[in-house]
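Visitor: Read top to bottom, the protein sequences are chains A and B.
Under the working numbering, think of the first position of the first sequence as 50, with each following residue one higher.
Under the working numbering, think of the first position of the second sequence as 50, with each following residue one higher.
Protein chains: 2
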Amino acid sequence: MAELEAISLLKHNNLRLTDCRKEVVEIFFSQQHAVSQPELEHKLGQYDRVTLYRTLTTFLNKGIIHKVLDDSGLTKYALCAGECNEHHHEDEHVHFKCIQCENTTCIDTLSVPVITLPEGFTFLDANLLVRGVCKVCNNLTTH
Amino acid sequence: MAELEAISLLKHNNLRLTDCRKEVVEIFFSQQHAVSQPELEHKLGQYDRVTLYRTLTTFLNKGIIHKVLDDSGLTKYALCAGECNEHHHEDEHVHFKCIQCENTTCIDTLSVPVITLPEGFTFLDANLLVRGVCKVCNNLTTH
DNA sequence: ACAAGTTTGCAACTTTGTTGCAAAAGACCT
DNA sequence: AGGTCTTTTGCAACAAAGTTGCAAACTTGT
């Protein structure tokens with residue numbers, strides 16, 4: 050049951066168990082693609098916008114979720130792989146944005162290539178966003 | 050002189066020569082880093098926000114500028130390399146965002162590596178955003 | 001200098017995101 | 001289960017980013 054997993058994740062991160070947090074975690078568990086605050090607001094109409102923003106900020110600080118770059122201007126979030134915590138994030142996966150359904154997903158089978166920056170630059174992290182048409186949308190148009 | 054280049058670029062794209070368009074093009078010419086609408090508004094206080102948004106949209110459609118990914122939530126733009134037009138964009142350069150001065154620049158010496166997507170996905174384009182500290186900020190802190 | 005079409009500025013609005021504060025709810029102890 | 005302490009929530013108000021409709025001003029070609 051998804052709720053038990055959600056509770057377990059919250060407890061592991063020393064977070065109080067509230068309905069809002071549980072439901073937000075369950076949405077991250079159940080969805081393959083990155084989520085924005087407006088999308089959460091739409092799915093969980095019962096919670097205030099402010100509460101959802103604060104929930105996302107809390108999860109971000111705990112290393113439960115990470116920001117996903119997107120060309121829409123919206124800030125989107127996705128679950129971290131597991132190596133992240135309060136002090137360190139490690140989310141260098143490749144993200145794929147479908148130009149038809151507009152969903153952004155993590156592609157776990159690919160990793161961001163090693164980048165050698167020019168002299169004088171210091172590397173912190175890298176984000177790769179690939180755009181195209183996803184599996185689901187490709188199937189829909191060819192059938 | 051920068052104004053002549055700006056006029057030439059606008060004429061090549063069949064755009065009317067207006068003060069606003071000329072000044073926006075000149076800013077793109079004179080700056081190394083990507084520009085957001087609020088930044089334009091701040092530098093060119095004389096034009097209405099709406100006009101600047103519409104100017105950016107026009108340039109985007111003509112292939113004069115392209116969107117640059119950024120982790121700030123702001124939409125930023127930079128000049129296209131030259132192979133772009135109304136029908137086709139080709140801007141697969143690597144962008145570098147400095148976490149100190151917050152400027153985003155194109156790194157021309159690097160190119161986005163070739164990506165092989167999983168079965169069923171169609172590739173359109175790719176954007177790589179590297180974060181770190183830029184040359185200028187590194188020099189400032191070591192002196 | 002004129003006519004035709006384009007661009008601009010203004011007003012009004014929508015959406016996204018933030019902050020302060022009092023009320024409600026969670027966690028812990030007995 | 002009840003009491004207490006702390007965290008979280010919802011509300012109101014605000015700030016910033018971005019959009020739309022329309023009349024006035026400007027560009028361009030003749």
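Don't be surprised by glycine CBs; every beta carbon is placed ideally from N, CA and C.
For B:F170 and chain A, any beta-carbon pair shorter than 8 Å?
Guide: yes
Visitor: Since A:N176 contacts B:L178 with CB under 8 Å, what's their CB separation in whole angstroms?
Guide: 5 Å
Visitor: Mapping DSSP to helix, strand and coil, what is A:A55?
Guide: helix
Visitor: For A:E90, which residues of its own chain have a beta-carbon under 7 Å away from its beta-carbon, when the five flanking residues on both sides are left out?
Guide: Cβ within range, chain order: R98 and L101.
Visitor: Cα separation between B:T124 and B:L105?
Guide: 11 Å
Visitor: Looking at chain A, is there any beta carbon in it that lies within less than 8 Å of the beta carbon of B:G181?
Guide: yes
Visitor: So with CB distances below 8 Å, who are the chain A contacts of B:A175?
Guide: Those within 8 Å of B:A175 in chain A are L177, L178, V179 and R180.
Visitor: With C-beta atoms as the reference, is A:K116 less than 8 Å away from B:D120?
Guide: In this structure, B:D120 lies closer than 8 Å to A:K116 by Cβ.
Visitor: What residues from chain A crowd round B:I148, counting only those whose CB sits closer than 9 Å?
Guide: L173
Visitor: What did DSSP end up calling B:N63 once you bin it into helix, strand or coil?
Guide: B:N63 sits in coil when the DSSP states are folded into three classes, being neither helix nor strand.
Visitor: Taking only three categories from DSSP, how would you classify A:Y126?
Guide: strand
Visitor: Would A:C147 and A:G122 qualify as a contact pair, given that the criterion is a beta-carbon distance under 8 Å?
Guide: no
Visitor: Scan the segment 92-156 of chain A and note each continuous beta strand (DSSP E) run of 3 residues or more that stays entirely inside, going in chain order.
Guide: 114-117, 125-128 and 142-147
Visitor: Going along the chain, which residues of its own chain have a beta-carbon closer than 6 Å to the beta-carbon of B:F78, five neighbours each way excluded?
Guide: A51
Visitor: Assign A:A130 to buried or exposed, taking buried as 16 or more other Cβ atoms, counted over all protein chains shown, within 10 Å of its Cβ.
Guide: Exposed, since its Cβ has fewer than 16 Cβ neighbours within 10 Å.
Visitor: Can you name, in chain order, every residue of its own chain whose Cβ lies under 8 Å from the Cβ of B:E151, other than the five neighbours on each side?
Guide: S121
Visitor: Where does B:L189 sit, in a helix, a strand or coil, going by DSSP?
Guide: helix
Visitor: Taking the alpha carbon of B:E132 as the point to measure from, which residue in B:L64, B:G112, B:H144 and B:V163 has its own alpha carbon closest?
Guide: B:G112
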